[in-house]
Amino acid sequence: MDKIALTAAGLYVIVLLRAGGTFAVGWLAGAGARRGRLARRISSAKFQRAERAIQRWGAPVVAVSFLTVGFQTAANFLAGSMRMPLRRYLPALFVGGAGWALVYATAGLGALEMLARLFAEQTALGVAAVAVLLLAVCGVVVYRRRSAARAPREAAAEDS
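Per this note's numbering, residue 22 is the first one in the sequence shown, and the count goes up by one each step.
1) Give a yes or no on whether the C-beta atoms belonging to V83 and G117 are separated by under 8 angstroms.
2) Considering only the alpha carbon of each residue, which of V46, R165 and L130 lies closest to A95?
3) Report back the beta-carbon spacing between M105 and Q69 to the nearest angstrom; my notes put them in contact at under 8 angstroms.
4) Are the beta-carbon atoms of L107 and G41 separated by less than 8 angstroms?
5) Can you name, in chain order, every residue of its own chain whose Cβ lies under 6 angstroms from the Cβ of N97, other than the five neighbours on each side?
6) Is DSSP giving L88 helix, strand or coil here?
7) Could you tell me the alpha carbon to alpha carbon distance between M103 and V153, rounded to whole angstroms?
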């Protein structure tokens with residue numbers, strides 16, 4: 022079997038299990054919220070309208086969420102907690118998951134092959150590329166953590 026097809030198939034299984042599991046956890050969390058302290062808020066007319074809209078029109082959002090970074094988990098969890106019917110959710114999961122698997126299989130394998138070729142032909146340049154990549158990832162993590170830490174302080178300053 023072709024390397025890309027095998028990778029895409031493996032990633033497809035992973036995304037179906039991960040996203041389906043997130044949907045199931047969302048479904049259980051929504052069921053728990055409906056029985057707990059949030060039951061009164063969840064039964065409001067505004068919330069009910071939002072829930073019906075997600076149940077009816079949320080499938081395209083779920084499918085497209087697989088092409089984003091960081092939003093797909095939230096979309097799957099909300100689809101579950103808002104009780105999107107499986108007949109709408111599963112097609113979105115299958116289509117969106119297939120797109121995700123193909124993108125990551127092709128782009129991911131291409132990047133790994135390029136990096137392997139770079140290491141084989143010019144090791145020093147390969148090491149430098151990996152170092153720059155790691156520094157960029159660390160920079161993004163530090164930036165996000167500082168932004169997250171700054172937000173509560175700014176909110177507290179506005180309240181006083």
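Note that CB positions come from ideal geometry on N, CA and C, so glycine has one too.
Reading it off the structure:
1) Translated into the one-based positions of the sequence shown, residue 83 becomes position 62. Translated into the one-based positions of the sequence shown, residue 117 becomes position 96. In contact: V83 and G117 (Cβ atoms closer than 8 angstroms).
2) For the purposes of this step, residue 95 is taken as the residue at position 74 of the sequence shown. Of the listed residues, the one whose Cα sits closest to A95 is V46.
3) Your numbering for residue 105 matches position 84 in the sequence shown. Your numbering for residue 69 matches position 48 in the sequence shown. In fact, because the Cβ distance is near 14 angstroms, the residues do not count as touching under 8 angstroms.
4) Taking the sequence shown and counting its residues from 1, one reaches residue 107 at position 86. Taking the sequence shown and counting its residues from 1, one reaches residue 41 at position 20. The criterion of a C-beta distance shorter than 8 angstroms is not satisfied by L107 and G41.
5) Position 76 of the sequence shown holds residue 97. Around N97: A40, T43 and F44.
6) By 1-based counting over the sequence shown, the position of residue 88 is 67. Judged by DSSP in its simplified three-state form, L88 adopts coil rather than helix or strand.
7) Here the question's residue 103 lines up with position 82 in the sequence shown. Here the question's residue 153 lines up with position 132 in the sequence shown. For M103 and V153, the distance between alpha carbons rounds to 42 angstroms.
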